[in-house]
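Here's the structure we're looking at; comments come further down.
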Amino acid sequence: MKVTVVGAGSWGVWSALELLAKGVDVQLIDLRGAGNDWSGSGGLSRIIRRVYGADKIYTELTDFSFEKWESLFHQTGDQLYHQTGVLWMQPSDESKYLKDSLELLSKTEYPLEEISVDEAAEKWNKINFTGIHKIYHEPRAGILEANKSCQHALYKFIEDGGSYKLGQVSVKKGQVWLDGKEHLQSEVIIFATGSWTRSLFPDVLDHITAVSRQEVYFYQNTGIDYADIPIWSELDVNGLSFYGFPPYGEMGLKIAYDSRDLEMDPETDPRELTIEIEHRSREYLEHRFRSADHAILQDYRVCHYDNSMDGHFIMDHHPEYQNMIILTGSSGHGFKMGPAIGHLVADHVVDGKDMPGDFRLARFEHGIKKKTQFTE
Ligand SMILES: Cc1cc2nc3c(=O)[nH]c(=O)nc-3n(C[C@H](O)[C@H](O)[C@H](O)COP(=O)(O)OP(=O)(O)OC[C@H]3O[C@@H](n4cnc5c(N)ncnc54)[C@H](O)[C@@H]3O)c2cc1C
-12 MKVTVVGAGS WGVWSALELL AKGVDVQLID LRGAGNDWSG SGGLSRIIRR
38 VYGADKIYTE LTDFSFEKWE SLFHQTGDQL YHQTGVLWMQ PSDESKYLKD
88 SLELLSKTEY PLEEISVDEA AEKWNKINFT GIHKIYHEPR AGILEANKSC
138 QHALYKFIED GGSYKLGQVS VKKGQVWLDG KEHLQSEVII FATGSWTRSL
188 FPDVLDHITA VSRQEVYFYQ NTGIDYADIP IWSELDVNGL SFYGFPPYGE
238 MGLKIAYDSR DLEMDPETDP RELTIEIEHR SREYLEHRFR SADHAILQDY
288 RVCHYDNSMD GHFIMDHHPE YQNMIILTGS SGHGFKMGPA IGHLVADHVV
338 DGKDMPGDFR LARFEHGIKK KTQFTE
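Shown next, in the form of structure tokens:
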């Protein structure tokens, strides 16, 4: 069987790897390269965590992916996962998301730990916990080096005999073209094209996906070293959060705000920082971290979430062209689960197993309630 995978971000590169492992003749195509700077999988780091409220499916997909990432890093000889833990901080004691996570994870090998504010303040004394009412610690969570992890998966794919090329894929009336001239005729074509997928299939995705602009800032601080703090997320009742990472490699403290209000065209919109958003991040930094008043903006990154309207992934056949499979709607939390997505796709294409019902397009036929993974 010959399969083409379009897109070498976390979802595409792992789909290609998993199909290849099942003996499929796979070609992988990307416009700008695996984990490139423009893609959702680009940049330095992503969180891998098991906290997912009551959405058990994502905890399970993450558990599966954890093992696959570790096995890949073992094989390529470069450890790109770093266990830092995640601190989940609540400014009120109302987060159903965290309450559900506590319950769900308590039944697993790696439970979520509830710790008191006093205990946290003693342990992580560079963080100012003023205004925080509840804290959970997720020890088995950490950093995946994002672009490098995609590149390593690609190297493995090529080493194992997969075919990879750069090029732009387009779709016209059910026909798929490479660079506008080569007609792609694989039995199955998988589109793992992230935020660009809606422009390839506007009829299917226009009303059920949206691309949001996300700004990420890195700060260096001349006065203090934050390297020993965990990743943190401050989740309010509306599901909005500031979150961030300890300094890593040459980069300082990383901070982002998880609002999804601003739409973005990933191809044409400028990627300059927004002064007001940077000021808001700096204000937060100075409030939440001790001695952060000398922090200097070191770098920034403007990227995008490929959101589905309900915050859940989309994995399904094109409603009209059954040989095409669409993987999209990773909604700001899909990087870590690339290996599991790839595995589900390969099981479906090769062994005929169903992809998860929760991720089918049909769910949008019964009305659309706009939400994210953090909101009800
Ligand atoms: C700021 C930020 C923070 C995030 N934090 C986390 C996190 O902590 N944990 C987590 O798990 N996830 C996180 N995510 C989400 C995660 O990064 C994405 O869900 C994931 O990387 C999406 O992968 P993808 O393979 O679907 O898409 P992408 O990585 O965008 O890959 C799509 C690929 O398709 C290629 N392509 C597009 N169109 C074409 C075409 N016509 N022809 C050929 N190639 C094409 C592109 O070049 C690109 O390489 C975050 C995302 C952002 C932006």
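Position 130 (the sequence shown) corresponds to 117 in the numbering used here; numbering is contiguous.
Glycine included, every Cβ here is placed at the ideal spot set by N, Cα and C.
From a predicted model like this one, the values you see are computed outputs, not experimental measurements.
DSSP state of residue i mapped onto helix, strand, coil
{"i": "VAL0", "result": "helix"}
{"i": "ARG350", "result": "helix"}
{"i": "SER26", "result": "coil"}
{"i": "VAL11", "result": "coil"}
{"i": "MET251", "result": "coil"}
{"i": "MET238", "result": "strand"}
{"i": "ARG185", "result": "helix"}
{"i": "TYR45", "result": "helix"}
{"i": "THR(-9)", "result": "strand"}
{"i": "TYR244", "result": "strand"}
{"i": "VAL191", "result": "helix"}
{"i": "LYS143", "result": "helix"}
{"i": "SER79", "result": "coil"}
{"i": "PHE51", "result": "helix"}
{"i": "LEU59", "result": "helix"}
{"i": "LEU74", "result": "strand"}
{"i": "LEU165", "result": "strand"}
Segment limits, beta strand (DSSP E) that includes residue i
{"i": "TYR230", "result": "228 to 232"}
{"i": "LYS152", "result": "150 to 153"}
{"i": "GLU202", "result": "196 to 208"}
{"i": "ALA169", "result": "For the record, residue 169 in the displayed sequence is Glu; it is not Ala. Per DSSP, GLU169 belongs to the beta strand (DSSP E) from 169 to 171."}
{"i": "SER220", "result": "218 to 222"}
{"i": "ARG33", "result": "32 to 35"}
{"i": "TYR39", "result": "Neither: TYR39 is in no beta strand (DSSP E) and is coded neither H nor E."}
{"i": "LYS340", "result": "Counting along the chain, LYS340 falls outside any beta strand (DSSP E), and DSSP gives it neither H nor E."}
{"i": "GLN70", "result": "68 to 70"}
{"i": "LYS159", "result": "156 to 159"}
{"i": "ILE176", "result": "175 to 178"}
Close-in-space but distant-in-sequence residues of the same chain around residue i (CB under 6 Å, 5 per side omitted)
{"i": "SER228", "result": "SER220, GLU221, LEU222, ASP245"}
{"i": "TRP75", "result": "LEU85, TYR123, SER220"}
{"i": "ILE218", "result": "ILE34, THR71, VAL73, PHE232"}
{"i": "HIS69", "result": "GLY129, ILE130"}
{"i": "LEU6", "result": "VAL(-10), VAL13, ALA333"}
{"i": "GLU101", "result": "TYR123"}
{"i": "VAL337", "result": "LYS9"}
{"i": "LEU18", "result": "GLN155"}
{"i": "TRP(-2)", "result": "ALA179, LEU314, GLY325, ILE328"}
{"i": "ARG185", "result": "LEU192, THR196"}
Cβ shell of residue i (< 7 Å), same chain only, five flanking positions each side left out
{"i": "TYR308", "result": "GLY161"}
{"i": "VAL163", "result": "VAL156, LEU171, ILE176"}
{"i": "ARG247", "result": "SER199, TYR292, ASN294, THR359"}
{"i": "ILE145", "result": "TYR151"}
{"i": "LEU187", "result": "VAL158, PHE178, THR180"}
{"i": "ASP166", "result": "GLY154, GLN155"}
{"i": "GLY98", "result": "The question names Gly, yet the displayed sequence has Pro at residue 98. Result list for PRO98: LEU92, in chain order."}
{"i": "ILE119", "result": "MET76, GLN77, PRO78, VAL104"}
{"i": "LYS357", "result": "MET296"}
{"i": "ASP280", "result": "GLU273"}
{"i": "GLU310", "result": "With the sequence shown as reference, residue 310 is identified as Asn, and Glu is not the correct amino acid for it. Around ASN310: GLU174, VAL175, ILE176."}
Sequence-distant residues of the same chain with beta carbon closer than 8 Å to residue i, five excluded per side
{"i": "ILE355", "result": "HIS194, ILE195, MET296, ASP297"}
{"i": "GLY149", "result": "ALA3, LEU4, LEU7, VAL13, GLN14, LEU15"}
Original post:
If you scan the segment 83 to 137 from start to end, which runs of the alpha helix (DSSP H) of 4 or more residues do you find wholly inside it?
Top reply: 83 to 93, 104 to 110
**OP:** Report yes or no: do three or more beta-carbon pairs, one from the segment -12 to 4 and one from the segment 15 to 28, lie closer than 8 Å?
**Re:** yes
**OP:** Specify whether the segment 6 to 18 and the segment 194 to 201 touch according to this definition: at least 3 beta carbon pairs, one from each stretch, less than 8 Å apart.
**Re:** no
**OP:** Evaluate the contact criterion for the segment 173 to 190 versus the segment 69 to 88: three or more CB pairs, one atom per stretch, below 8 Å.
**Re:** no
Original post:
Do the segment 320 to 338 and the segment 49 to 59 meet, that is, are 3 or more Cβ pairs less than 8 Å apart?
Top reply: yes
**OP:** Kindly provide the ranges of any beta strand (DSSP E) runs that are 3 or more residues long and lie completely inside the segment 262 to 305, ordered along the chain.
**Re:** 282 to 295, 301 to 304
**OP:** Could you tell me whether the segment 271 to 279 touches the segment 131 to 138, where touching means 3 or more Cβ pairs closer than 8 Å?
**Re:** For the pair of segments examined, the segment 271 to 279 was found not to touch the segment 131 to 138: the number of CB pairs separated by less than 8 Å stays below three.
Original post:
Which ranges would you report for the beta strand (DSSP E) in the segment 307 to 337 if only whole runs of at least 3 residues count?
Top reply: 311 to 315
Original post:
At a cut of 8 Å, does the segment 98 to 114 reach the segment 59 to 70 through at least three beta carbon pairs?
Top reply: no
**OP:** Evaluate the contact criterion for the segment 232 to 239 versus the segment 292 to 306: three or more CB pairs, one atom per stretch, below 8 Å.
**Re:** no
Subject >> Stretch pair the segment 114 to 127 + the segment 33 to 43: three plus CB contacts closer than 8 Å >> reply: A contact between stretches requires three or more CB pairs, one per stretch, nearer than 8 Å, and the segment 114 to 127 meets this requirement with the segment 33 to 43.
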